[in-house]
Ligand code: GLU
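Numbering (the working numbering), first residue to last: 355 to 793.
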């Protein structure tokens, strides 16, 4: 597949004065990055482009105050958000993250990427996201539970199994979802398992959900390798973030014979030319909270991570990691975006020019929400599938989505990201048009 630089044909952005202040592009922030990605799709939308403003304005934004009593008796307030970006194709769907740097702009972008992702893999959802600006490592378990429950109660006016369904994201997990499910259920007076996904299996969760995002990354990685003529066995893999996404993806690549040569996380960067023992490394992270100090490996300066030689690079941490400056230094062939929004639009052009293939977040990490969809369907029917069934269906959804996006990229000579946006935006805007404007 040959790529052309897409900036040349990108139309001017929506004049900023037409947008409310909180929707203005935030410079190089995540929302600004998302708006740039949408602008690249405009020339490919035909008549549907008359609806494109829909994608540039979240449908609904809720900002909530989350007060809790700390263990020492004082009261702390946290800022929480839930953004429903689009619900044309179905209820809002997307995770909740707890992080000290969460901002409204970030949650807006993450909600928008969920709309694109859900449409790209064709699950019947719109896009939503939530977040609380808090460092959860500083809270006791009791404080964390109170914070989660109060946040759930505050956003309870807009979530629900047919309205908007949260799930885990950065620093949230099965336990968080159990508390959210219980709080919502207590408030409505009925056990409502389908209000969140990513729950413990014993509470209506789905087998295979926990590892689904990482498994999806691995699945599209295999497909991309086939197109590149790159053998997974023996491929050198570098991973940023060894959490639920990066950890599972690294394990599956290692099982397939790849060599995971480098891992970076919040604690440090480690390298081993011979390949890291992933099981030992995951045990080390479990015990010490990060990769730093993993003795069989060499410790590196963090910036060195971006110029290590690898065949596959998996950013699986936070947004805005691959800047133009780092894109110029990367020595890899394939990027699988496990994280949401790890690459700046301006870096995408450099990667295309350098012939580094990027499987974008909205396809690469869609395995999580795909199995969330399976979980939601199982909750509604109270009939649960076995793990093999889940894995088989996951691979099918991911493969169909990847192939469809690849075909559009090939036909239109655009990046896989723009192709995924073309497929997704057409689906969203087509339903928008079919539904028409109310009143
Ligand atoms: N937080 C995940 C994502 O970014 C999963 C969302 C979900 O399952 O709803 O895709």
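Where is the CB? At the ideal position from N, CA and C, for every residue including glycine.
Segment limits, alpha helix (DSSP H) that includes residue 638
Counting from one through the chain shown, the residue named residue 638 turns up at place 284. Unbroken alpha helix (DSSP H) run through residue 638: 632-642.
Take every Cβ of the segment 698-715, pair it with every Cβ of the segment 627-637, and state whether three or more of those distances are shorter than 8 Å.
They do not touch, by the three-pair rule.
Terminal residues of the beta strand (DSSP E) in which residue 669 lies:
Looking up residue 669 in the chain shown gives position 315. Residue 669 -> beta strand (DSSP E) spans 666-669.
Is residue 726 near the ligand GLU, judged by its Cβ being under 6 Å from some heavy atom?
What you label residue 726 is simply residue 372 of the chain shown in a count that begins at 1. Checking the Cβ of residue 726 against the ligand GLU gives yes.
Cα separation between residue 587 and residue 420?
Against the chain shown, residue 587 aligns to sequence position 233. Against the chain shown, residue 420 aligns to sequence position 66. C-alpha of residue 587 to C-alpha of residue 420: approximately 48 Å in a straight line.
Consider the C-beta atom of residue 598 and the heavy atoms of the ligand GLU; say whether any pair is separated by less than 6 Å.
Working through the chain shown from its first residue, we reach residue 598 at position 244. Residue 598 Cβ: outside cutoff for every heavy atom of the ligand GLU.
Own chain residues within Cβ distance below 7 Å of residue 363, not counting five before or after:
By one-based count along the chain shown, residue 363 stands at place 9. For residue 363, the predicted structure reports a pLDDT of 40, less than 50, and the residue's modelled location is therefore unreliable. A value from the coordinates is still provided. Within the same chain, 397 come within 7 Å of residue 363 by CB-CB distance, once the 5 residues on both sides are set aside.
How many angstroms separate the CA atom of residue 430 from the CA atom of residue 526?
Counting from 1 along the chain shown, the entry for residue 430 is found at position 76. Counting from 1 along the chain shown, the entry for residue 526 is found at position 172. Straight-line Cα distance between these residues: approximately 20 Å.
Residue 722 beta carbon near the ligand GLU (any heavy atom closer than 6 Å)
Reading the chain shown from its first residue, position 368 is the one you call residue 722. Yes, the ligand GLU has a heavy atom inside 6 Å of this Cβ.
Straight-line gap, residue 519 to residue 748 (C-alpha atoms, nearest Å)
To locate residue 519, count along the chain shown from 1; it is residue 165. To locate residue 748, count along the chain shown from 1; it is residue 394. Spanning the two alpha carbons is a distance of roughly 19 Å.
Can you tell me the Cβ-Cβ gap for residue 412 and residue 459, rounded? I've got them flagged as a contact below 8 Å.
Here residue 412 refers to the residue found at position 58 of the chain shown. Here residue 459 refers to the residue found at position 105 of the chain shown. Incorrect: roughly 11 Å between the Cβ atoms, too far for contact.
Cβ of residue 521 within 6 Å of any heavy atom in the ligand GLU?
Along the chain shown, read from residue 1 onward, the residue named residue 521 stands at position 167. Taken from the Cβ of residue 521, at least one heavy atom of the ligand GLU lies inside 6 Å.
Starting from the Cα of residue 605, find the closest Cα among 568, 533, 574 and 589 and give me that residue.
On the chain shown, residue 605 is found 251 positions in, with the first residue counted as 1. Ranking 568, 533, 574 and 589 by Cα distance to residue 605 puts 568 first.
Given 8 Å, three or more beta-carbon pairs between the segment 724-733 and the segment 611-624:
Contact between the segment 724-733 and the segment 611-624 is absent, with fewer than three C-beta pairs closer than 8 Å.
Tell whether a beta-carbon distance below 7 Å holds between residue 690 and residue 571.
Sequence index remark: in the chain shown, residue 690 carries index 336 (1-based). Sequence index remark: in the chain shown, residue 571 carries index 217 (1-based). Against a cut-off of 7 Å, the Cβ pair of residue 571 and residue 690 comes out as a contact.
Got a sec: does the ligand GLU put a non-hydrogen atom nearer than 6 Å to the Cβ of residue 449?
As a working mapping, residue 449 is identified with position 95 in the chain shown. At least one heavy atom of the ligand GLU is nearer than 6 Å to the Cβ of residue 449, so yes.
Would DSSP call residue 359 helix, strand or coil?
On the chain shown, residue 359 is found 5 positions in, with the first residue counted as 1. For residue 359, the predicted structure reports a pLDDT of 48, less than 50, and the residue's modelled location is therefore unreliable. The matter cannot be settled from this model.
Classify residue 446 as helix, strand or coil using the three-state DSSP reduction.
Counting from 1 along the chain shown, the entry for residue 446 is found at position 92. Note: residue 446 maps to strand in three-state DSSP.
Is residue 502 buried or exposed, if buried means 16 or more other CB atoms sit within 10 Å of its CB?
Looking up residue 502 in the chain shown gives position 148. Using a 10 angstroms sphere on the CB of residue 502, the tally of other CB atoms reaches 16 or more, which defines it as buried.
Inter-residue CB distance, residue 759 and residue 717 (contact presumed, cutoff 8 Å):
Start at 1 with the first residue of the chain shown, and residue 759 comes out as number 405. Start at 1 with the first residue of the chain shown, and residue 717 comes out as number 363. Sure, about 6 Å apart at Cβ, within 8 Å.
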